[in-house]
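Chemist: One gets the numbering used here by counting positions in the sequence shown from 1 and adding 3 to each. We put the CB at the ideal spot given by N, CA and C, even for glycine. Have a look at this one.
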Amino acid sequence: MQVVKVDIDTAAPLHPEASILIIYTGGTVGMVFDDKEQHLVPFNFSQITEHVPELRQFNYLLTVLSIEPAIDSSNVSVQDWLMLARLIEENYEKYDGFVVLHGTDTMAYSASAMSYLLENLQKPVIFTGAQVPIGRIRTDARENLITALQIAATKENGRSVVPEVCIYFRNLLLRGNRSKKVESSHFDAFKSDNYPPLAETGIDIEYSYEHILPHPQHVFRAHQQMSDKVAILKLFPGITRQVVQSILQAPGLQGVVLETFGSGNAPSTPWFLELLQDALNRGVHVLNVSQCDEGRVVQGQYETSTHLLHMGVIGGADITTEAAITKLMFVLGQDLEPGQAKMLLCENLRGELSV
Ligand code: ASP
């Protein structure tokens, strides 16, 4: 993998309004149609102003770091997340904000992962992408990129307005670790059902200041460890012992997101509870997340979740599966005492859950 740097010629005067680093990782956003091959291929990012000439009008200093080869986000890995965190850390002082161009398929996972890896963030890190490639006339890439850049550049009283990892898409600025991809055809691809948008765009960009995280008191740091010894166990009526066993007894397993029904309910069948208890006894952390997009896990509300509570399963409140699995990867990557890891898993670390 290679990181190629491109400076973009904009109208920036000697004292530009802002300097923004764009990190292009891949995805539909950066695709053009190859007439010879008759399929979509990643385009050369040094030609970005041919596709988005409006960029030249910005009074910003724009630099692009382009990851080559471009990653279809279905292939994104923990190593890619750590590399992204490193790139932001290395460039943190030089830029006012960061825009990450990323495929939409796993954008909510990547934005969640980055929210944990980048601790005490004082600057915006805005993920965006597109449903229609940048090389097509009806592309949504242009609007998404331009507005993401404006949000990344926005300051009030000398401080960034959005010191968070976010997803900007269509007309919504969402907290990254609250977002979900909900659409594969229409332009409004992301939602955050359990948390209001941080901004909505129309003629103006209207920020919901009361929903944006406050500026942190401590210095920024980028973490460099994540565990990949995690799994998601999605329950369904009729799930068999073999399936549950194959996940809960996977060698080296450290943590599981248990996707339960409704407000956190699971079967009370003895074999299921025994397998779960056995995993917990082996030190596996189990995080209970609801299959419902809205509402929250309340362990103990029904008999079918009371046993989970008593066994030591952690209630995930209103966290998304994307934010839960990446939180497990982050927390379990830190080499903590089991009690300390459990405490962090229960806590609201980066605005990912409402306690
Ligand atoms: N498969 C693409 C990706 O996630 C789809 C997209 O960019 O929207 O990389």
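#1: Would you kindly work out how many angstroms separate the C-alpha atoms of Leu-347 and Val-334, rounded to a whole number?
#2: Glu-167: which of Asn-174, Arg-244, Ala-156, Gly-138 sits nearest, CA to CA?
#3: Using a threshold of 9 angstroms, state whether the C-beta atoms of Ile-25 and Val-79 are closer than that.
#4: Might you give, ordered along the chain, the residues of its own chain that have their beta carbon closer than 7 angstroms to the beta carbon of Thr-109, omitting 5 neighbours on each side?
#5: Answer with buried or exposed for Asn-147, where buried requires no fewer than 16 other C-beta atoms within 10 angstroms of its C-beta.
#6: For Leu-356 and Lys-183, what's the separation of their Cα atoms in angstroms?
#7: For ligand 1, is there any heavy atom lying closer than 8 angstroms to the beta carbon of Gln-134?
#8: For Ser-113, does the three-state DSSP call read helix, strand or coil?
#9: Since Asp-10 sits in a beta bridge, which residues does DSSP pair it with?
#10: Tell me the DSSP secondary structure of Lys-39 in three-state form.
#11: Kindly identify the DSSP beta-bridge partner or partners of His-226.
#12: With distances taken Cα to Cα, identify the nearest neighbour of Val-81 among Thr-243, Gln-227, Glu-277.
#13: Short of 7 angstroms in beta carbon distance, which residues of its chain neighbour Pro-200, apart from the five on each side in sequence? Order them along the chain.
#14: Under 6 angstroms Cβ to Cβ from Ser-230, same chain only, skipping five residues before and after it: list those, please.
Modeler: According to the structure shown:
#1: 7 angstroms
#2: Ala-156
#3: Contact flag unset, no.
#4: Ser-76, Ser-77, Val-79
#5: buried
#6: 14 angstroms
#7: yes
#8: Per DSSP, reduced to three states, the secondary structure at Ser-113 is helical.
#9: Thr-66
#10: coil
#11: According to DSSP, which records beta bridges pairwise, His-226 is partnered with nothing at all.
#12: Gln-227
#13: Leu-175, Leu-176, Leu-177, Ser-211
#14: The answer, listed in chain order, is Gln-257, Met-332, Leu-335, Gly-336.
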